[in-house]
Every structure is written in structure tokens, then in C-alpha cells.
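Engineer: The numbering used here applies: residue 212 is where the sequence shown begins, and numbers increase by one. The beta carbon of each residue, even a glycine, is placed where N, CA and C say it ideally should be. This structure is a prediction, so every number in the text was calculated from the model and none was measured.
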Amino acid sequence: MRRITLDNGLRIISLKKPKDYTGRLIVGINYGQIYEEKTNGLAHFLEHMIISADTKYHTSKQIGEKIDFCGGIVNAHTYHERLIYEGSSPSKSFEDIIDLLLELVFRTSFKTKCFKKEKKVILNEILKDHDDPYHHIDKIFLNTLYKNHPIRFSILGTINSLEKLTLKQIIEAHKKYFVPNNVVIGIFGNFDNSSFSKVKNVLNKFKMRTIQKPRILKENKRPFKKSTIRIRKDLMQSYIQTGVKTEPATHKDTHILDIISTLLGFGSSSRLYREIRLRKALAYHVSAGHIKERTYGYFLTYAETKKQNLNKILRLIKKEFKKLREKKITPNELKRTKNMVIAENLFSFERPISGSIRFVNDEMILGNVNKIKSYMKKVDSVTAKDILEVANKYFDEEKFATAIIRPR
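1) At which residues does the alpha helix (DSSP H) containing residue 317 begin and terminate?
2) Taking 8 Å as the cut-off, is the beta-carbon of residue 276 closer than that to any non-hydrogen atom of the ligand SAH?
3) Look at the alpha carbon of residue 626 and the alpha carbon of residue 271, and state the distance between them as a whole number of angstroms.
4) Please say whether residue 492 and residue 514 have beta carbons closer to each other than 9 Å?
5) Return the residue from the list 365, 521 and 429 that minimises the CA-CA distance to residue 340.
6) Considering just the uninterrupted stretch of the alpha helix (DSSP H) at residue 326, what are its terminal residues?
7) State the Cα-Cα distance for the pair residue 611 and residue 478, rounded to the nearest angstrom.
8) Who pairs with residue 286 in a beta bridge, going by DSSP?
9) Indicate the three-state DSSP secondary structure (helix, strand or coil) for residue 502 in the structure shown.
10) Please name the residue or residues paired with residue 400 in a DSSP beta bridge.
11) Tell whether a beta-carbon distance below 9 Å holds between residue 276 and residue 357.
12) Taking only runs of the beta strand (DSSP E) that begin and end inside the region 482-532, which ones reach a length of at least 3 residues, in chain order?
13) Measure how close the beta-carbons of residue 261 and residue 285 come, nearest whole angstrom, since I'm counting them as under 8 Å.
14) Are residue 446 and residue 301 close, meaning C-beta to C-beta below 9 Å?
15) Do the region 395-403 and the region 227-241 make contact, defined as three or more Cβ pairs closer than 8 Å?
16) Do residue 574 and residue 213 have their C-beta atoms closer together than 9 Å?
17) Taking the alpha helix (DSSP H) that residue 273 falls in, what are its first and last residues?
18) Check the DSSP bridge columns for residue 265 and list the partner residues they point to.
19) Counting only the same chain and skipping the five closest in sequence on each side, list residues whose C-beta sits under 6 Å from that of residue 496.
20) Compare the C-alpha of residue 287 against each of 279, 296, 281 and 280 and name the closest.
21) Using the C-alpha atoms, what's the distance from residue 465 back to residue 459?
22) Closest to residue 314 by CA distance: which of 294, 264 and 360 is it?
23) Taking DSSP as the reference, what is the three-state secondary structure of residue 480?
24) According to the Cβ coordinates, are residue 308 and residue 506 closer than 9 Å?
25) Rounded to whole angstroms, what's the CA-CA distance from residue 293 to residue 609? Just pull it up for me.
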């Protein structure tokens with residue numbers, strides 16, 4: 212992995228894979244939903260505008276045709292803490308994709324016509340998201356778990372906040388945050404030195420600018436009290452998400468919580484899967500996860516089931532957390548789980564697009580992508596005692612937030 216910082220503060224990471232058939236360019240901007248100062252949904256709207264708008268040199272139609280002509284793919288994602296833009300193509304046309312993606316991201320021409328069009332598109336996306344219980348329950352859960360941190364707000368925004376958004380706000384956010392010292396670029400796959408030089412030369416022309424990001428409100432230091440919210444919708448199944456706040460990604464407990472999430476809900480040997488699906492056939496899907504970023508972290512479990520099984524599943528989830536607090540994991544189960552965590556991390560970096568995004572995400576969150584190996588060493592060194600201590604530290608029964616969507 213190569214890592215350089217330009218004079219203007221822009222970071223470039225790159226990894227050559229000569230046997231790949233494609234090249235991938237990832238652009239990461241340190242601006243996401245939590246940095247929206249006035250109107251919820253601004254970062255996501257900006258993501259849409261950049262992908263859909265004209266640039267200073269081409270119309271959106273011309274750019275779309277050029278991308279297709281290259282056999283390329285361009286996409287974008289809004290996270291709570293950042294924006295990600297991706298471009299990929301067969302290696303022979305990779306430099307063309309580099310030109311097009313950098314033009315889209317940094318040379319966008321924001322126009323009223325595109326703004327009005329994308330507002331309609333995003334309105335449909337908000338309505339679709341509300342109808343999807345998987346996404347809807349996540350929003351409800353975060354709003355229940357967090358009281359001050361802006362992660363409690365939706366990435367998409369709401370219908371009301373969308374209506375209040377202005378083109379001026381979009382332009383100001385782009386001007387403020389799309390500056391080199393707030394950007395990480397990743398170049399991956401089969402590319403030559405000229406591709407790397409192109410990225411470096413184009414972006415070296417931009418000037419560093421001081422950024423004043425809004426202050427992120429911290430959670431109240433008073434103990435979190437157990438909270439449950441229930442919503443009824445026209446559905447066939449019930450959806451459950453329950454969990455606790457943990458710590459940001461750089462905290463010393465992160466890798467231990469990753470092991471616990473795998474132990475509980477990843478793979479056919481995981482405890483929740485084995486108990487809820489295999490033994491009792493109460494649900495088709497059950498899982499656990501540990502989400503961690505620069506400013507927050509949380510642990511969750513998720514299940515889908517018939518409404519008559521809802522309370523049974525909640526009791527079983529509660530039972531598994533209690534077991535974690537009271538009984539040490541066996542050496543065999545610990546070794547198996549650590550192997551799975553390490554393997555899944557290795558697999559994630561091997562996937563062409565998502566692996567490339569993962570490298571850039573890690574650089575933005577951890578500050579140095581080369582911490583991957585040290586993370587795996589930490590995972591391998593975890594003991595049964597560590598698991599027990601961390602479980603007792605975070606999984607207090609009175610600190611869980613629970614969101615439930617059930618049929619009317």
C-alpha cells in the first residue's frame with residue numbers, strides 16, 4: 212500500500228494489483244449527515260447533485276455516455292460521517308474514468324433545473340425508505356438510542372427538511388467541504404504510473420482551505436435508561452432491533468466488540484443463529500453487528516419474525532447477552548470466532564469495489580490505512596477474560612434501546 216500527502220493536505224492511498232482486469236478510483240470527502248448545520252438531508256442531496264448534474268465542461272448526458280463508452284461504473288454513497296464517490300472501468304479506459312469522476316466531484320455546475328429534478332427523486336427515495344422496514348427500523352433505533360448526537364437523524368432527511376433545502380445551501384456546502392485537506396483519494400487495481408500521476412497533478416492544483424466543522428454534541432453523561440419504541444405498520448412480519456452505545460472506532464475495546472458481534476450473529480455457528488433459527492425456527496433472519504466510526508459506536512442485534520414470536524425472540528436475545536456477562540467463552544469457540552473475524556476482514560479487502568471503499572473508509576476513520584495488520588494481531592490476542600469484561604462493561608440490561616415494527 213502506497214500512501215502520500217500532497218502539499219495542499221490531500222491524501223492519496225494506492226494499491227496496485229497487476230492481475231486485476233479493472234481499475235478503481237475512490238474519492239472520500241470528510242462531510243456527512245452529522246455535519247449538517249441547519250437542514251437534515253443536505254449531504255445526501257449534495258451526493259445526488261454531483262452524480263446527476265452538468266459539469267463546467269460537459270452535460271450530464273454527455274458524461275453518462277462517456278462513462279458507458281468506457282464500460283465504466285460511477286456511483287456514490289452518503290454515510291453519517293462522509294461522502295464516497297466511486298469510479299471503475301476496465302484497465303484500458305481507466306484514465307478516462309479518472310477524468311470523468313474528478314470532473315464530476317470537483318467541477319460540478321449546480322443549476323436550478325437539476326436541483327428541482329433531484330428534489331423529486333429524493334422525495335421518492337424517502338418514501339421508499341419509509342416503506343422498507345429494514346431501513347425504517349434502523350432510523351427508529353438510532354433515534355431511540357441517541358439523544359444528542361446527530362446520528363439520531365436520517366441520512367436522507369425528511370419530507371419537511373427536503374422542502375426547506377435550497378440550491379444556495381448545496382453550493383455553499385460543496386465550496387466549504389470539497390477542499391483538498393478534507394479529501395482522501397484511493398486508487399486500486401490494475402493501473403499504471405500515468406494514472407497515479409494524473410490524479411496527483413489534477414488535485415495538486417487545488418488550494419488548501421481552513422474548515423470549521425460544526426461541533427458534534429456529545430451524549431449526556433448520565434446513565435442511559437432502557438428505552439423501547441413500538442410502531443405498527445401494514446406488514447406481515449415483525450422487525451426487532453436492539454442494542455447499546457459503545458465507543459468510537461479508535462477505542463481499545465473495538466476489536467473485542469467485533470469478536471462478540473461475530474460470536475452472536477455472524478455465520479451458521481453463531482449463537483443467535485443457532486438458537487433462534489436452527490433450534491427453535493423462530494426467524495429466518497437474525498444477526499448482530501458492531502458499528503463504529505470516528506465520533507460514535509454502537510452494538511446491535513436484529514431479527515425478523517412473525518408477531519407471535521416477537522417476545523420469545525426478545526427473551527432469547529436477552530438470555531444470550533446474559534450468558535456473555537456471566538460465563539466465559541470456551542477456547543474452541545473463541546478460536547473459531549477469531550478466525551472468522553480475521554477471515555471476513557481479509558475477504559472484505561479482496562472484493563474489488565467494496566474492498567477499495569473499505570481501504571478509503573479506514574484511512575478516513577483511523578487516520579492510517581496501514582493499521583489493518585495491527586488490528587488482526589489485536590483480534591488474535593483476545594482472551595476469554597477480555598470477552599467477559601467487555602460484555603459486562605457494555606451489555607447492562609438497563610442500557611439497551613429497542614425498536615420494534617409489528618403488524619397492525
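Structural biologist: Answer, in terms of the structure:
1) The residue labelled residue 317 in the question sits at position 106 within the sequence shown. Where residue 317 is concerned, the enclosing alpha helix (DSSP H) stretches over 305-317.
2) Within the structure as shown, the ligand SAH is missing, as the structure has no ligands at all.
3) The displayed coordinates of the chain run from 212 to 619. Any statement about residue 626 would go beyond what the structure contains.
4) By one-based count along the sequence shown, residue 514 stands at place 303. By one-based count along the sequence shown, residue 492 stands at place 281. Cβ distance not < 9 Å, so residue 514 and residue 492 don't count as in contact.
5) In the sequence shown, the residue the question calls residue 340 occupies position 129. If we check each option's Cα against that of residue 340, 365 comes out closest.
6) Working through the sequence shown from its first residue, we reach residue 326 at position 115. Taken as a continuous stretch (DSSP letters only), the alpha helix (DSSP H) holding residue 326 covers 323-342.
7) Here residue 611 refers to the residue found at position 400 of the sequence shown. Here residue 478 refers to the residue found at position 267 of the sequence shown. If you take the alpha carbons of residue 611 and residue 478, they lie about 24 Å apart.
8) On the sequence shown, residue 286 is found 75 positions in, with the first residue counted as 1. Answer is 297, bridged to residue 286.
9) Taking the sequence shown and counting its residues from 1, one reaches residue 502 at position 291. Looking at residue 502 - three-state DSSP - the assignment turns out to be strand.
10) For the purposes of this step, residue 400 is taken as residue 189 along the sequence shown, with counting starting at 1. Partner(s): 227 and 234.
11) Stepping through the sequence shown from its first residue, residue 276 is reached at position 65. Stepping through the sequence shown from its first residue, residue 357 is reached at position 146. Going by C-beta atoms, residue 276 is not nearer than 9 Å to residue 357.
12) 494-503 and 508-516
13) Along the sequence shown, one-based indexing puts residue 261 at 50. Along the sequence shown, one-based indexing puts residue 285 at 74. Rounded, the Cβ-Cβ distance is 10 Å, inconsistent with contact.
14) The sequence position of residue 446 within the sequence shown is 235, counting from 1. The sequence position of residue 301 within the sequence shown is 90, counting from 1. Cβ atoms of residue 446 and residue 301: not closer than 9 Å.
15) yes
16) For the purposes of this step, residue 574 is identified with residue 363 of the sequence shown, where counting begins at 1. For the purposes of this step, residue 213 is identified with residue 2 of the sequence shown, where counting begins at 1. Taking 9 Å as the Cβ cut-off, residue 574 and residue 213 do not qualify as a contacting pair.
17) For this step, residue 273 is matched to residue 62 along the sequence shown. Here the alpha helix (DSSP H) through residue 273 covers 271-280.
18) Taking the first residue of the sequence shown as position 1, residue 265 is located at position 54. BP columns for residue 265 point to 320.
19) Locating residue 496 in the sequence shown gives position 285, counting from the first residue. So the qualifying residues of the chain are 515.
20) Your numbering for residue 287 matches position 76 in the sequence shown. Checked all of 279, 296, 281 and 280; the closest Cα to residue 287 is 296.
21) Within the sequence shown, residue 459 is the residue found at index 248, counting from 1. Within the sequence shown, residue 465 is the residue found at index 254, counting from 1. Computed Cα separation, rounded: 8 Å.
22) Your numbering for residue 314 matches position 103 in the sequence shown. Per the Cα distances, 264.
23) Your numbering for residue 480 matches position 269 in the sequence shown. Note: residue 480 maps to coil in three-state DSSP.
24) For the purposes of this step, residue 308 is taken as the residue at position 97 of the sequence shown. For the purposes of this step, residue 506 is taken as the residue at position 295 of the sequence shown. Not in contact: residue 308 and residue 506 (Cβ atoms no closer than 9 Å).
25) Indexing the sequence shown from 1 puts residue 293 at position 82. Indexing the sequence shown from 1 puts residue 609 at position 398. Computed Cα separation, rounded: 32 Å.
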